[in-house]
Every structure is written in C-alpha cells, then in structure tokens.
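There are 2 protein chains.
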Amino acid sequence: MKLWTSGSAIIIPVEGARQWLETTLEKIMKATIDDVARLAGVSVSTVSRVLNDERYVREAMRERVHAAVKELHYRPNLYARNLAGDRSHIMAMIFDHAGGDYVAGLLGGAVTACSREGLHLVIEILDQPSMTDKLASFIGQINPDGIILTSPVCNDEAVIALLQKRRIPMIRVAPIRRMEQILSVGIDDQTAGRDVGDYLIGLGHRRIGHIIGHPEHGGSHDRLLGFQESLKAHGVALPADALAQGYFDFASGARGARALLDRGDPPTAIFASNDEMAAGVLSVAAERGLKVPDDLSVMGFDDGTIASWVTPSLSTIRQSTRDMAALSIANLMAVREGRLKSDAMHITVRHEMIIRQSTAPPRQP
Amino acid sequence: MKLWTSGSAIIIPVEGARQWLETTLEKIMKATIDDVARLAGVSVSTVSRVLNDERYVREAMRERVHAAVKELHYRPNLYARNLAGDRSHIMAMIFDHAGGDYVAGLLGGAVTACSREGLHLVIEILDQPSMTDKLASFIGQINPDGIILTSPVCNDEAVIALLQKRRIPMIRVAPIRRMEQILSVGIDDQTAGRDVGDYLIGLGHRRIGHIIGHPEHGGSHDRLLGFQESLKAHGVALPADALAQGYFDFASGARGARALLDRGDPPTAIFASNDEMAAGVLSVAAERGLKVPDDLSVMGFDDGTIASWVTPSLSTIRQSTRDMAALSIANLMAVREGRLKSDAMHITVRHEMIIRQSTAPPRQP
DNA sequence: CTGAAAGCGCTTACAG
DNA sequence: CTGAAAGCGCTTACAG
Numbered sequence: 001m002k003l004w005t006s007g008s009a010i011i012i013p014v015e016g017a018r019q020w021l022e023t024t025l026e027k028i029m030k031a032t033i034d035d036v037a038r039l040a041g042v043s044v045s046t047v048s049r050v051l052n053d054e055r056y057v058r059e060a061m062r063e064r065v066h067a068a069v070k071e072l073h074y075r076p077n078l079y080a081r082n083l084a085g086d087r088s089h090i091m092a093m094i095f096d097h098a099g100g101d102y103v104a105g106l107l108g109g110a111v112t113a114c115s116r117e118g119l120h121l122v123i124e125i126l127d128q129p130s131m132t133d134k135l136a137s138f139i140g141q142i143n144p145d146g147i148i149l150t151s152p153v154c155n156d157e158a159v160i161a162l163l164q165k166r167r168i169p170m171i172r173v174a175p176i177r178r179m180e181q182i183l184s185v186g187i188d189d190q191t192a193g194r195d196v197g198d199y200l201i202g203l204g205h206r207r208i209g210h211i212i213g214h215p216e217h218g219g220s221h222d223r224l225l226g227f228q229e230s231l232k233a234h235g236v237a238l239p240a241d242a243l244a245q246g247y248f249d250f251a252s253g254a255r256g257a258r259a260l261l262d263r264g265d266p267p268t269a270i271f272a273s274n275d276e277m278a279a280g281v282l283s284v285a286a287e288r289g290l291k292v293p294d295d296l297s298v299m300g301f302d303d304g305t306i307a308s309w310v311t312p313s314l315s316t317i318r319q320s321t322r323d324m325a326a327l328s329i330a331n332l333m334a335v336r337e338g339r340l341k342s343d344a345m346h347i348t349v350r351h352e353m354i355i356r357q358s359t360a361p362p363r364q365p
Numbered sequence: 001m002k003l004w005t006s007g008s009a010i011i012i013p014v015e016g017a018r019q020w021l022e023t024t025l026e027k028i029m030k031a032t033i034d035d036v037a038r039l040a041g042v043s044v045s046t047v048s049r050v051l052n053d054e055r056y057v058r059e060a061m062r063e064r065v066h067a068a069v070k071e072l073h074y075r076p077n078l079y080a081r082n083l084a085g086d087r088s089h090i091m092a093m094i095f096d097h098a099g100g101d102y103v104a105g106l107l108g109g110a111v112t113a114c115s116r117e118g119l120h121l122v123i124e125i126l127d128q129p130s131m132t133d134k135l136a137s138f139i140g141q142i143n144p145d146g147i148i149l150t151s152p153v154c155n156d157e158a159v160i161a162l163l164q165k166r167r168i169p170m171i172r173v174a175p176i177r178r179m180e181q182i183l184s185v186g187i188d189d190q191t192a193g194r195d196v197g198d199y200l201i202g203l204g205h206r207r208i209g210h211i212i213g214h215p216e217h218g219g220s221h222d223r224l225l226g227f228q229e230s231l232k233a234h235g236v237a238l239p240a241d242a243l244a245q246g247y248f249d250f251a252s253g254a255r256g257a258r259a260l261l262d263r264g265d266p267p268t269a270i271f272a273s274n275d276e277m278a279a280g281v282l283s284v285a286a287e288r289g290l291k292v293p294d295d296l297s298v299m300g301f302d303d304g305t306i307a308s309w310v311t312p313s314l315s316t317i318r319q320s321t322r323d324m325a326a327l328s329i330a331n332l333m334a335v336r337e338g339r340l341k342s343d344a345m346h347i348t349v350r351h352e353m354i355i356r357q358s359t360a361p362p363r364q365p
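Order-wise, the sequence lines are chains A and B. Per UniProt numbering, residue 1 is the first one in the first sequence, and the count goes up by one each step. Per UniProt numbering, residue 1 is the first one in the second sequence, and the count goes up by one each step.
The structure is reproduced here in structure tokens:
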C-alpha cells in the first residue's frame with residue numbers, strides 16, 4: 001500500500017492525531033494474502049502454494065509471488081494458518097524446572113533451531129507427576145507440531161500415552177528406557193560411564209566411589225551401568241557402600257561424598273553423575289582438608305559452566321544439550337512431514353572427556 | 001475407508017481401521033463453541049461472552065454454559081480466538097542467552113504466572129544488537145499480548161521503538177534508565193548497593209574494591225552508585241583503581257579480583273556485582289592462598305544457587321527474578337485490559353541481604 | 001499447473 | 001441481556 005502525495009503536504013495537527021494516523025497506517029499496511037495475490041496477479045491459492053513450497057507451481061508464478069511478498073513485507077498470519085491448516089508451526093518443550101546448564105542448553109538449542117525453521121517455541125512446566133490434565137489443556141490449545149520431553153516427564157507413562165493418543169510427534173531426551181515407537185535422543189551414557197571408569201583405573205585408582213544421578217533421569221542408570229562394567233572388566237571391586245544415591249543437586253553430592261568418605265576404606269576417586277554433585281564433593285573435600293586431586297580425584301559429568309568455575313576445575317564428560325535440542329527439532333519436523341517414521345529411532349549424540357585439574361593418580365599407587 | 005455393517009454390528013477389519021476410527025472419534029469429540037451452544041441451548045455469542053467473562057449475561061445462562069463446557073470438555077481453539085479477536089493469549093519473553101539462575105528464575109516465574117492466567121509463553125532469543133528484523137518478524141507472527149524485555153535488549157532503542165510503534169505492551173526488567181511511557185520492574189539496586197557498602201564498612205573494612213557488573217545491564221550502574229554513596233557518606237575513600245569492570249561471568253570476576261588485589265594497597269573486601277563474579281573472586285583468593293573471609297571478605301549479588309555451593313558460601317543480596325517475572329505478566333495483562341496505564345510506572349521488588357561465610361571483619365581493624 | 005469457493009472456530013458490532 | 005450474521009486470513013479439496 002502506497003501513499004501518493006502531489007505537491008501539497010499532509011498537515012497533522014496534534015500528537016493524538018499523529019498516533020491515530022500511524023495506527024491506521026499500520027493496520028492498512030499489514031498486508032494479507034489477498035494483497036499479495038492482487039499485486040502478483042495470481043490467485044490466493046497460488047500464493048499459498050508458493051508460500052508452503054508445494055510442487056506444481058510454475059517458476060514464473062513463484063517469482064512473481066516472491067516479488068510481491070517482498071514488496072509488501074508480507075508475513076502470513078500464524079493464527080489464520082493454524083486455524084485453516086493442520087500444522088501449528090509451533091514446537092513445545094516440557095520440563096520440570098527452568099534452572100541449570102542442562103536445561104539452558106536445551107532451551108537455547110531449541111529456540112535457535114526453531115527460528116531457523118520458521119517455527120516458534122512455547123514452553124510448559126510440569127513439576128508434578130502425571131499432570132496430564134494440565135498437559136491435555138496445553139496441547140489442546142497449542143496443538144504443537146511436535147513436543148520435546150525432558151526428564152523426568154519423558155518417563156511418565158501417562159504423559160506419553162496422552163501424547164500418543166493425540167498423535168503429537170514427540171521426542172524424549174535421555175529417557176530411562178527406549179520405547180519402540182517413540183523417538184529419543186541422548187548421548188551414549190553407558191559408554192561414557194565406562195570411559196570414566198577406564199580413565200580413573202588407568203590413573204591407578206582402585207578404590208573408586210560413585211554418586212548416582214537422579215533416579216528419574218535416564219542418564220543416571222546408564223552411567224552407573226557403564227561404570228560398573230568398566231570396574232568389572234578391570235577386576236576392580238565395587239562394594240555396595242561405594243555407591244551413593246544423589247539427585248543431581250549440590251547438596252546430595254555433598255551428602256554422597258560424606259557417606260563415601262566415611263567408609264573404613266575411603267575411595268581415592270569419586271565419580272559424580274553430574275557437575276553440580278561433583279561441586280558438592282569438592283566442598284566436602286575442602287571441609288575435611290582433603291587435597292583435590294592429590295588426596296581425592298573427582299570426576300563430574302555434563303561440562304556445564306560450573307565445571308570450569310570450581311577450584312580445582314573439574315574433569316568431566318562434555319555433552320551438548322544444545323545439539324540434542326537442535327536434533328530434536330529437526331527430527332520432529334521430519335516425522336511430521338512424513339520424511340521419517342518415528343519407529344524405533346534413537347539419535348546418539350557424541351560425548352567427549354574433558355580432563356582438567358580435579359583428577360590425578362592416587363597418592364599411593 | 002468404509003465401515004461395513006452386518007445386522008446391527010459394525011465390523012472393523014484391520015488395525016488400520018481401528019486407528020482411523022480412533023482418530024475420527026477424537027475429531028468428533030473435539031467440541032467446538034457450536035457444540036457448547038447447542039447443548040446449553042443458547043447462542044454462540046452468549047457462550048463467547050461467558051467464556052470471556054463479559055458483563056451483561058444472566059446468571060442462569062452463565063451456569064448453563066459452564067455446565068455444557070464441563071460436560072463436553074470444551075477448550076476454546078486458541079487460533080480461532082486469536083484470528084477473530086484482538087488478543088493472542090500469548091506472552092513473549094526476549095533474552096540474549098538462556099543460561100544462568102537469573103534468566104532461569106525469570107523463565108520459571110513467567111511460565112508459572114502465564115499458566116495461572118490462561119496464557120502461554122513463547123520465548124525468543126535476540127543475541128545481536130538491534131536485531132529488529134528478527135523481532136519484527138516474531139511479533140508480526142505471534143502478536144503477543146505483552147512482551148518481557150530483559151537486559152541487554154531492554155535498553156535497545158531500536159527494539160523499544162519498534163514495539164512502541166506496534167503498540168505492544170512491554171515491560172523492561174532492570175533497565176539502565178527508566179522511560180516515562182514504559183513499564184519496568186526491578187529491585188532498588190541503588191539501595192542494595194548502599195546496603196552492601198554500609199554492611200562492609202560496619203564490619204570495619206576501609207579498603208573495599210568493587211567489580212562492576214555488565215555495562216549493558218541496568219543493575220550494574222545503580223549498584224555501583226549506591227555503593228559509592230555509602231562509602232562517601234562514611235568518609236571511606238574509593239580510588240579509581242578500587243573499581244574493575246566485569247561482565248557478570250566467572251572469568252571477568254577473576255580478572256577483576258586479580259587487578260584489585262595487585263594494587264599496592266589491596267582491599268580487605270571485594271563486592272562483586274553478581275554471584276558468578278564473586279565465585280571468580282573466590283577462586284583467585286584460593287589461588288593466592290588468601291583465606292576468605294579472614295584475609296578477604298567477598299560479597300556477591302543475586303543469591304543464585306551458586307552462592308550456596310561455593311566454599312566458603314557467599315554473603316549476597318537476594319532478589320527474586322521469579323517475582324519480577326510474575327509481576328511483569330500481571331502488569332502487562334492489566335495494561336492490555338485497560339486496568340492500568342503504562343505511563344511512568346516502575347515496580348520495585350523487595351531485596352534482602354543474606355549473610356553467609358564469605359564476609360567477616362578484616363584481620364587488622 | 002491454476003483458480004473459485006467452502007470452511008476452519010472463534011469474536012464482535014449490530015439489532016432487538 | 002441475547003442472537004443472527006459477517007468476518008478474521010489462511011488452507012484445501014474440487015474442478016478445470
């Protein structure tokens with residue numbers, strides 16, 4: 001929409017009028033698909049087809065439409081599209097709390113991937129087990145094109161059943177157990193756990209403790225499993241009291257460390273299932289006058305920001321939650337568009353061991 | 001797909017058909033406003049009025065509608081509402097990166113407040129200065145009912161101008177400078193800065209350093225200002241080299257600490273403008289064999305999770321970013337509904353000093 | 001390959 | 001206080 005002025009000026013008397021004019025212009029200037037069709041000299045059907053990248057459109061038409069779109073600064077109305085069509089162009093991510101590097105990475109990765117694909121991300125918090133009513137209301141209103149489920153909700157049977165019934169493509173991030181029909185993504189936690197065991201044993205440690213991660217998070221089990229495998233393979237004992245249950249938070253890491261160090265034969269190395277708990281171990285070591293890594297080696301997991309902050313800095317396993325989220329979005333789109341069947345598909349993301357200051361050979365090898 | 005009927009039974013041959021039936025039932029069962037109107041024996045206009053809590057509806061009607069809504073498990077279609085009406089029932093929050101306790105608190109508070117008000121939260125990341133194209137595209141499509149701007153975008157003139165032009169209610173979280181016409185929320189950073197100064201001087205410190213926060217975050221300036229006021233009021237000198245510029249991250253806190261401690265007359269206390277930087281100070285102290293708090297007192301800001309993790313735990317100022325976000329949502333709604341004019345309104349959230357282990361009187365008073 | 005037209009499920013003047 | 005009807009801006013069979 002253009003304004004033509006010929007010789008004379010438009011006089012705008014007062015501030016209020018200027019605002020009114022602006023608002024009105026805005027409204028007029030907000031082009032619709034009809035405006036585009038008119039300018040391009042085609043039907044709205046054709047415009048729609050071009051916009052949605054459908055086949056069977058002549059190149060000439062395509063170009064004319066694109067030119068009109070550009071000239072009018074046209075942006076399709078999300079709500080009209082969603083009402084008329086069967087896609088919402090919206091992705092959802094569900095988690096139980098907003099904090100920590102782990103969630104932040106997922107969030108950042110998801111938003112970035114979404115905006116690259118022309119999608120929007122809406123988030124919802126489910127912090128009670130089986131809040132299916134809240135979830136039902138949420139997906140009933142948003143009708144997301146796909147949904148990313150993090151721990152612990154990704155292991156909630158009621159949640160999964162609901163989503164399956166509603167036929168919403170979903171992907172589970174680091175689930176406890178993979179399911180035949182459902183996409184999932186994660187690193188190979190078991191191998192990572194084995195890597196840690198091998199590394200610590202390689203340093204010469206023979207009494208190694210482990211603080212298990214949150215029981216409702218998939219990584220915890222697999223890391224423990226791999227860790228056990230490694231010790232077994234090297235003939236290193238792992239008595240029951242060398243294991244402490246943690247919950248991925250600082251306090252439970254500290255509690256676990258105290259329990260492990262109070263044993264008759266305390267460990268020379270502790271592997272905590274995430275960095276926060278490892279930081280808890282470090283604080284207990286400091287409190288007891290144990291030098292890290294000389295008296296005690298400490299290994300974390302995640303390589304979050306905290307791993308480099310603490311003193312000494314943490315040796316850890318790096319996993320990219322950003323990548324996991326980006327891959328989640330990409331695969332959910334592929335499922336929705338029929339490019340991919342979701343059956344039995346698990347995406348494994350690379351992990352990497354990062355050695356810093358908190359690990360070393362034991363004092364008495 | 002056809003259904004065969006033989007006698008009175010419906011014969012469903014294969015699995016595919018069962019799925020089809022389920023899907024169809026789902027679709028049938030997804031009630032619309034028409035269904036509600038029919039069941040309640042009123043017009044859709046009336047249903048709409050009841051749903052939107054408008055006046056001028058008889059109590060009897062209201063009850064019948066609510067009963068029908070409940071019976072049908074009716075949920076209004078978000079996209080139809082948004083297309084027909086002028087509200088989107090969507091709130092947006094913009095930030096530059098997803099990490100840290102500060103952002104996590106805002107996020108959690110916003111999502112919680114939204115779901116309480118029947119709104120949804122969509123998030124967008126603007127990590128380059130003046131990404132107005134991306135923002136324009138975003139709000140053009142989402143048309144949020146309100147928008148929460150965090151630092152540093154809340155200080156971006158181009159961003160604000162765009163939002164004003166589009167008449168989207170916005171609130172700025174902890175802006176550098178308040179603006180007459182725009183809502184903002186934050187704690188009284190200046191008073192908080194003064195509180196810290198008063199407290200450290202009260203302990204007996206006379207050589208106090210400060211690591212300034214990120215220059216594009218509003219809190220930084222005001223905290224510094226209040227801190228300066230306090231020292232001045234008590235006649236305590238604050239030479240230029242007792243100030244270091246930080247960026248709210250661990251590394252800049254460590255850098256700042258080194259600079260301050262390398263002075264001829266090193267400080268006995270350092271006030272860092274957030275906890276992450278304070279953790280950086282702690283690590284430098286450890287590295288130099290300085291005992292905290294005996295040789296050096298350290299004060300943080302925010303009371304994020306990290307404040308309790310580090311050893312010694314940090315004395316700090318607690319501010320609730322959750323509350324800020326919740327208040328933001330509430331006030332944006334009030335503006336949109338005309339219950340509140342956005343002019344010159346700033347909401348001050350309470351802050352609180354938390355004393356832990358990292359502060360004490362100086363060794364030589 | 002293209003277009004005319006119905007329809008998605010609401011809201012909102014406009015009448016009464 | 002209530003209802004009939006237009007309209008929001010798209011997508012999608014259905015014809016051609």
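For each residue, glycine too, the CB sits at the ideal point set by N, CA and C. Predicted model, so just to flag it, every value in this text is computed and none were measured.
Apart from sequence neighbours up to five positions away, the residues of its chain that approach residue 42 of chain A with a beta-carbon distance below 7 angstroms are 61, 64, 65, ordered along the chain. Contact between residue 94 of chain B and residue 147 of chain B is confirmed by a C-beta separation of about 7 angstroms, below the 8 angstroms threshold. Residue environment analysis places residue 355 of chain B among the exposed positions, since fewer than 16 neighbouring C-beta atoms fall within 10 angstroms of its C-beta. Close to residue 204 of chain B, with beta-carbon spacing below 8 angstroms, lies no residue of chain A; the smallest spacing is near 26 angstroms. In this chain, the beta strand (DSSP E) harbouring residue 122 of chain B covers 120-125. The beta carbons of residue 40 of chain B and residue 68 of chain B sit closer together than 7 angstroms. In this structure residue 265 of chain A is exposed. Its beta-carbon is surrounded by fewer than 16 other beta-carbon atoms within 10 angstroms. Contact annotation: the stretch 110-127 of chain B touches the stretch 118-130 of chain A, with at least three C-beta pairs closer than 8 angstroms. Here residue 104 of chain A carries a helix assignment [DSSP, helix/strand/coil].
Under the DSSP definition of a beta bridge, residue 346 of chain B partners with B/184. Under the Cβ distance rule, residue 79 of chain B counts among the residues neighbouring chain A, one pair being separated by less than 7 angstroms.
Under the three-state reduction of DSSP output, residue 128 of chain B falls in the coil class, being neither helix nor strand.
Contact with chain B is found for residue 75 of chain A, since one of that chain's Cβ atoms lies less than 7 angstroms from the residue's Cβ. Boundaries of the beta strand (DSSP E) harbouring residue 91 of chain A: 90-95, taken from the DSSP string.
When Cβ-Cβ separations below 7 angstroms define contact, residue 82 of chain B makes contact with chain A. Within the stretch 99-132 of chain B, the residues whose Cβ lies closer than 8 angstroms to some Cβ of chain A are 99, 100, 101, 103, 104, 105, 107, 108, 111, 112, 115, 120, 121, 122, 123, 124, 125, listed in chain order.
When C-beta distances to chain A are compared with 9 angstroms, the residues of the stretch 133-155 of chain B below that value are 134, 136, 137, 138, 140, 141, 142, 143, in chain order. The contact set of residue 359 of chain B on chain A, defined by CB atoms closer than 9 angstroms, is empty, because the minimum CB distance reaches about 18 angstroms. In the three-state reduction of the DSSP assignment, residue 271 of chain B falls in the strand class, which pools E and B. Contacts with chain A (Cβ-Cβ distance below 8 angstroms) from the stretch 295-321 of chain B involve 305, 306, 308, 309, 310, 311, listed in chain order. Residue-level contact check: residue 328 of chain A does not touch chain B, since none of the beta carbons of chain B fall below 7 angstroms from its beta carbon. Its Cα nearest to that of residue 222 of chain A, the residue A/190 stands out among A/102, A/312, A/190, A/127. Cβ atoms of residue 243 of chain A and residue 210 of chain A come within 8 angstroms of each other, at about 5 angstroms. No Cβ-Cβ contact shorter than 7 angstroms links residue 301 of chain A with residue 320 of chain A. Spanning the alpha carbons of residue 46 of chain B and residue 37 of chain B requires a straight line of approximately 8 angstroms.
Residue 214 of chain A and residue 234 of chain B have their C-alpha atoms spaced approximately 50 angstroms apart.
The beta-carbon distance between residue 347 of chain B and residue 113 of chain B, rounded to whole angstroms, is 14 angstroms. This is too long to meet the 8 angstroms contact definition. According to the DSSP assignment, residue 328 of chain B belongs to no beta strand (DSSP E) but to the alpha helix (DSSP H) extending over 321-336.
For residue 216 of chain B, same chain residues with a beta-carbon under 8 angstroms away, outside a window of 5 residues either side, are 151, 152, 155, 176 in chain order. For residue 255 of chain A, the uninterrupted alpha helix (DSSP H) segment begins and ends at 250-261. In the DSSP assignment, the residues bridged to residue 298 of chain B are B/270. Going by beta carbons, residue 284 of chain B and residue 258 of chain B fall inside the 7 angstroms limit. Secondary structure of residue 153 of chain B (DSSP, three-state): helix. For residue 283 of chain A, the C-beta contacts it makes with chain B under 8 angstroms involve 309, 310, 311, in order along the chain. Boundaries of the beta strand (DSSP E) around residue 172 of chain A: 170-173. Between residue 129 of chain B and the set B/159, B/163, B/290, the nearest pair of CA atoms involves B/159.
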